[in-house]
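Throughout the sequence shown, residue numbering follows numbering that gives the first Met the number 0, covering 0 to 320 in sequence.
Positions of the beta carbon are idealized from the N, C-alpha and C atoms, including for glycine.
Since the structure is predicted, the reported quantities are computational estimates derived from the model, not experimental observations.
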Amino acid sequence: MLKKDREFKIKFRGVRGSHPVCSKNQVIYGGNTSCVEVQVNGRYIVLDGGTGIINLGNDLVRDYITSGTDVESRKPIEAVILFSHAHLDHLQGLPFFKPAYIRSSNIHIFGLRSRNRDFEQMLSETIFDFIFPVELQEMSAKLTIKNIHESEVIVIYPDKKDPEVVRLNTEKELEVEEDTIVISCSKSYAHPKDGVMIYKISCNGKSLVYATDKESYVGSDSKFTTFARNADLLIHDSQFTIEDYVSPITPKQGHGHSTPEMAIEQAKLTNVKQLVLFHLDPGYDDDAVKRMEEKAKKSFLNTVIAYEGLEIDLMQVPCRK
Numbered sequence: 000m001l002k003k004d005r006e007f008k009i010k011f012r013g014v015r016g017s018h019p020v021c022s023k024n025q026v027i028y029g030g031n032t033s034c035v036e037v038q039v040n041g042r043y044i045v046l047d048g049g050t051g052i053i054n055l056g057n058d059l060v061r062d063y064i065t066s067g068t069d070v071e072s073r074k075p076i077e078a079v080i081l082f083s084h085a086h087l088d089h090l091q092g093l094p095f096f097k098p099a100y101i102r103s104s105n106i107h108i109f110g111l112r113s114r115n116r117d118f119e120q121m122l123s124e125t126i127f128d129f130i131f132p133v134e135l136q137e138m139s140a141k142l143t144i145k146n147i148h149e150s151e152v153i154v155i156y157p158d159k160k161d162p163e164v165v166r167l168n169t170e171k172e173l174e175v176e177e178d179t180i181v182i183s184c185s186k187s188y189a190h191p192k193d194g195v196m197i198y199k200i201s202c203n204g205k206s207l208v209y210a211t212d213k214e215s216y217v218g219s220d221s222k223f224t225t226f227a228r229n230a231d232l233l234i235h236d237s238q239f240t241i242e243d244y245v246s247p248i249t250p251k252q253g254h255g256h257s258t259p260e261m262a263i264e265q266a267k268l269t270n271v272k273q274l275v276l277f278h279l280d281p282g283y284d285d286d287a288v289k290r291m292e293e294k295a296k297k298s299f300l301n302t303v304i305a306y307e308g309l310e311i312d313l314m315q316v317p318c319r320k
């Protein structure tokens, strides 16, 4: 692939945690739940399938329709969807993801096995079998659903259509060309009750770490620090203000979510270039979120709070020396 064809773009489709919101005081940052779109060298990688994935799916279908005049001439939709865990705010948009109902679509889904269930079974039982009129198996797209373990990496080669899963003892064992997409993962147990998967996407000499629904530890999280070190972009859970986190009335400690202060501490320890605060509490209005951002920037200048439509081009970030 020619250098001019290389890309690494991120677009935030849903940034809220717990449940979607819709009010006149919550329009700046948006009300959809977790979903981040990543385009790397022409490949689509989707982080979580909250309600934000619905608009992403609408856009993909629009592009599919305009790519040709009939089924034979149109470019099929292909995507990799990475789920952090199986809580509803990260799954609830998937039944409304229109590309999954188009026969030519090729969608690879990865997630954690938990509670003695494969991720496919978790999806089926959580959002399809009992509360939705369509079953997972009735989606007409080609769906490949696999468990992912932190000893495995997902590799997307430039000249191969489907991703490959490779099991490694250490990340250093894998040697690939710079334009090959490598997705590694690390499980965090600091989210009730089965933990979450943290993902790192690396390609073109750049890297993105997605760490939602992760509560920090006293003295930081050394495992995470090692995993995310020197990333170009860190998307980190920051659901609660410190005041709400330690509230004497309704404390949030142990709920599996961080504060901006926790995210900033990790950003500094991991030496990341840019920090995005993510998974915002649905109870916070635009003014409250804006105050969070202003306070955070005083401690880590290159910080932004995620909002729907925020776009970041990692290829415009200078390479590390």
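Beta-carbon proximity of residue i to residue j, cut-off 8 Å
i: F11; j: K205; result: no
i: H84; j: V195; result: yes
i: I144; j: E176; result: no
i: Y209; j: A189; result: no
i: A140; j: P94; result: no
i: Y198; j: L313; result: no
i: I64; j: V35; result: no
i: N301; j: L274; result: yes
i: S185; j: K213; result: no
i: Q265; j: T225; result: no
i: T125; j: P157; result: no
Residues of its chain near residue i, where Cβ-Cβ distance is below 8 Å and the 5 sequence neighbours each way are ignored
i: L173; result: V152, V154, V165, L167 and V181
i: V288; result: I27, Y28, L279 and I304
i: V70; result: S103
i: D4; result: N40 and G41
From the options, residue whose alpha carbon lies closest to that of residue i
i: E292; options: K251, L268 and S237; result: S237
i: G29; options: V39, G41, G16 and D193; result: G16
i: G282; options: I9, P19, I64 and D161; result: P19
i: D88; options: I64, R290 and I52; result: I52
i: G253; options: K289, K192 and D128; result: K192
i: P75; options: R61, H86, L81 and F82; result: R61
i: Y244; options: R228, M261 and H235; result: M261
i: S22; options: R112, D284 and F299; result: D284
Distance, residue j Cα to residue i Cα
i: V37; j: G92; result: 17 Å
i: R319; j: N203; result: Residue placement at R319 is poorly supported in this model, since its pLDDT is 43, which falls under 50; the coordinates still yield a value, given next. Rounded to whole angstroms, R319 to N203 spans 12 Å at the Cα level.
i: L233; j: G218; result: 19 Å
i: I263; j: S66; result: 42 Å
i: N31; j: S150; result: 32 Å
i: M121; j: V133; result: 15 Å
i: I311; j: N57; result: 21 Å
i: L322; j: S246; result: Given that the chain is displayed from residue 0 to residue 320, the structure contains no residue 322 and the question cannot be resolved.
i: I44; j: N24; result: 31 Å
i: Y100; j: M138; result: 5 Å
Residues bridged to residue i (per DSSP)
i: Q238; result: Paired residue(s): none; Q238 is not in a bridge.
i: M196; result: K186
i: H107; result: V79 and T143
i: S113; result: R116
i: E36; result: K10 and V45
i: Y209; result: Y198 and I234
i: V303; result: V275
i: D312; result: K8
i: E163; result: V154
i: R15; result: T32 and L279
CB contact below 8 Å: residue i versus chain C
i: Y283; result: Absent from the structure is chain C; it holds one protein chain and no more.
Neighbourhood of residue i by C-beta, 7 Å cutoff - its chain only, sequence neighbours within 5 removed
i: T50; result: G13, P19, N31, T32, Q91 and G92
i: T240; result: T258 and M291
6 Å CB neighbourhood of residue i in its chain, flanking five on each side removed
i: V271; result: A230 and L233
i: D117; result: N146
i: Q315; result: none
i: F96; result: I52 and G56
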